[in-house]
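In what follows, a structure is listed as structure tokens, so that the remarks can point back to it.
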Amino acid sequence: MPNGIVTINNVVPYLGELFQMNKRPNALLRLLGGIQGGVQETTAKEFPIGAFWNIPAPAQPAILEGANAPTPAYRSLTQSTNVIQIFQEAITITYLAQSDHTVAGIVPIPQGAAQGGVQNPRSSEFQVMTTLQKVAQDANYSMLNGTFVNPADPASTALKTRGLLTAITTNSIDKSADTGVTTTMYRGYVNLLMQTVITANGYGVDETWTLLAGTTEYSNICAAYEAQGTIYLQPESEYAGIKVRKILTRFGSINLVLEPDMPAQYFAICNLGVAGIVGLPVPNKGILFEEQLFKQGSADQTQLYGQLGIDHGPEYCHGKLKVPASVAL
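The number in my numbering is simply the position in the sequence shown, starting from 1, with 770 added.
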């Protein structure tokens, strides 16, 4: 358990630690936490993610001198929403586990000496740490790939947040039927998706635009830009604990980040500046916390509980592209 943890009303807050759990990269979770400076709070399980209205395509007016005012046009407003979902895990430490210190941990030999102290797997500290890792990876996966479910009764059907990748419909490109794929074609895929996203939302490319890819597509994209020299694929830096590289496209530089939770054959270009993590706090407890459960038997029981979702912003601010299968550049 990290030093300096403050206990409030018999609960221990763990929201900050969620972004530090690093058994898996959890890139989207970390990047959103870093860009937005943490979590935006909501006061309801369903929250707005964007307001939308339609205006005509641009055209040059031709209005005569002295003309009467034109017929007014009524423009309606619509709103998109997402929901938080519940993350809940139980931790039980028996009295015997708390008492028995004959085994301090499992140490691989000879690595044990080099790695220093080993945590006792039967301790509450170890169990909380590993449980937080599970919550972090589940949250990351859900915020990327989650299927939207907003039931009338969350006690009978679970709330599920809509993932950023799932939300994308406008800028979805399928190139999976292409053959004879080359590094030039891969750079073309990136440029095409960039152009499509920019055309759809009109935003200028900034430092929050990020290309997310799994291991295979990350490797292929690196190979495509390595062929152009270091100006097109810059050395990695670190942001929010994540390794980030810069690639230079026709439309400007964007971040390249490895995200193992991306599905096979896909990469995505995301404007993370319009996205953020949303939490629904429990009164007097917080958004993600550990608390004691009802005492029963010869064990201490606690639970980790949190209510989190993603505000992915307007879906047309992001794009995804499906590439051919089994490509290794």
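The C-beta atom is built at its ideal place from N, Cα and C for all residues, glycine as well.
Taking the alpha-carbon of residue i as reference, which of the options has the nearest alpha-carbon?
| i | options | result |
| --- | --- | --- |
| LEU934 | TYR844, ILE1047, LEU1026 and ALA994 | ILE1047 |
| GLY916 | PRO1053, TYR1086, TYR1075 and LEU798 | LEU798 |
| ASP923 | GLY1067, LYS815 and ALA839 | LYS815 |
| ILE1080 | LEU914, SER846, ALA821 and GLN903 | LEU914 |
| ILE943 | TYR973, MET964, PRO818 and GLU1029 | MET964 |
| ARG794 | GLY1011, GLY1022 and ASN1025 | GLY1011 |
| THR931 | THR864, LEU1003, ASN910 and CYS1040 | ASN910 |
| SER912 | LEU1058, SER1068, GLN849 and ASN796 | ASN796 |
| TYR844 | ALA947, GLN1071, TRP823 and LEU1018 | TRP823 |
| ILE861 | VAL898, ASN838 and GLN830 | VAL898 |
| SER850 | ILE819, TRP979 and THR980 | ILE819 |
| LEU847 | ALA837, ALA821 and LYS1055 | ALA821 |
| GLY974 | GLN1004, GLN1035, ASN920 and LEU1042 | LEU1042 |
| LYS945 | GLY836, THR901, PHE1037 and CYS992 | PHE1037 |
| VAL1014 | THR985, THR980 and ALA993 | THR980 |
| GLU1060 | GLY836, GLU1008, VAL905 and ALA827 | VAL905 |
| ALA947 | GLN868, LEU801 and LYS1092 | LYS1092 |
| THR901 | LEU982, LEU1058 and GLU1008 | LEU1058 |
| PRO1094 | GLN868, GLY984, ALA994 and THR949 | THR949 |
| ASP976 | GLU1006, GLU859, GLN1035 and ILE1039 | ILE1039 |
Tell me whether residue i sits in a helix, a strand or coil according to DSSP, three-state version.
| i | result |
| --- | --- |
| GLN855 | strand |
| LYS945 | coil |
| THR813 | coil |
| ALA970 | helix |
| LEU1018 | strand |
| LYS930 | strand |
| VAL1023 | Note on residue identity: the sequence assigns Ser, not Val, to residue 1023. In the structure shown, SER1023 sits in a strand (DSSP, three-state: E or B). |
| GLN897 | helix |
| ILE775 | Note that ILE775 has pLDDT 39, beneath the 50 cutoff, so the model's placement of it is unreliable and the number below is only indicative. Looking at ILE775 - three-state DSSP - the assignment turns out to be coil, as it is neither helix nor strand. |
| TYR959 | helix |
| GLU746 | This structure cannot settle anything about residue 746, because the visible part of the chain is limited to 771 through 1099. |
| GLN868 | helix |
| SER1138 | Nothing about residue 1138 can be reported from this structure: the residues present for the chain run from 771 to 1099 only. |
| ALA925 | coil |
| ASP908 | helix |
| LEU1063 | coil |
| PRO880 | A caution first: PRO880 carries a pLDDT of 49, below 50, which makes its placement in the model unreliable, though a value can still be read off. If DSSP states are grouped into helix, strand and coil, PRO880 belongs with coil. |
| ILE991 | helix |
| ARG984 | Residue 984 is actually Gly in this sequence, not Arg. Here GLY984 sits in coil by DSSP. |
Straight-line CA distance for residue i to residue j?
| i | j | result |
| --- | --- | --- |
| PHE857 | ASP908 | 8 Å |
| ARG957 | ILE825 | 34 Å |
| THR1100 | VAL1044 | A question about residue 1100 goes unanswered here, because the residues of the chain that appear run from 771 up to 1099. |
| ILE854 | LEU929 | 7 Å |
| THR841 | GLN810 | 42 Å |
| TYR959 | GLN903 | 34 Å |
| ASP1070 | MET1032 | 38 Å |
| PRO1017 | ASN961 | It is worth fixing the name first, because residue 1017 is Ile in this sequence and not Pro. Going from the Cα of ILE1017 to the Cα of ASN961 covers about 11 Å. |
| LEU734 | ALA925 | In the structure as shown, the chain begins at 771 and stops at 1099. Residue 734 is therefore absent and cannot be evaluated. |
| ILE833 | ALA827 | 17 Å |
| ASP870 | GLN1073 | 23 Å |
| ARG800 | ALA1034 | 21 Å |
| GLU1006 | THR966 | 26 Å |
Would you decide whether residue i is buried or exposed? Buried here means 16 or more other CB atoms lie within 10 Å of its CB.
| i | result |
| --- | --- |
| SER1096 | exposed |
| ARG1020 | exposed |
| GLY1083 | buried |
| TYR1075 | buried |
| PHE1064 | exposed |
| GLY1022 | exposed |
| GLY1089 | buried |
| GLU987 | buried |
| LEU1116 | The question about residue 1116 has no answer here: the residues shown for the chain are numbered 771 through 1099. |
| GLN830 | exposed |
| ILE991 | buried |
| VAL776 | The predicted model places VAL776 with a pLDDT of 37, which falls under 50 and marks its position as unreliable; any figure quoted below should be read in that light. Counting Cβ neighbours within 10 Å, VAL776 comes out exposed, since fewer than 16 surround it. |
| THR927 | exposed |
| ASN838 | exposed |
| ILE879 | In this prediction, ILE879 has a pLDDT of 47, which is less than 50 and means its spatial position is unreliable; what the coordinates show is noted afterwards. Its Cβ having fewer than 16 others within 10 Å, ILE879 is exposed. |
| GLY803 | buried |
| GLU985 | Looking at the sequence itself, residue 985 is Thr, so the reference to Glu does not match. Exposed, since its Cβ has fewer than 16 Cβ neighbours within 10 Å. |
#### Entry: the segment 939 to 949 / the segment 891 to 908 touching (three or more Cβ pairs under 8 Å)
no
### Task
Evaluate the contact criterion for the segment 991 to 1006 versus the segment 1049 to 1062: three or more CB pairs, one atom per stretch, below 8 Å.
no
### Task
Count the C-beta pairs between the segment 969 to 977 and the segment 944 to 955 that are closer than 8 Å, then say yes if the count reaches three, no if not.
no
### Message
For the pair the segment 1024 to 1031 and the segment 1055 to 1070, tell me if three or more CB-CB distances fall below 8 Å.
### Response
no
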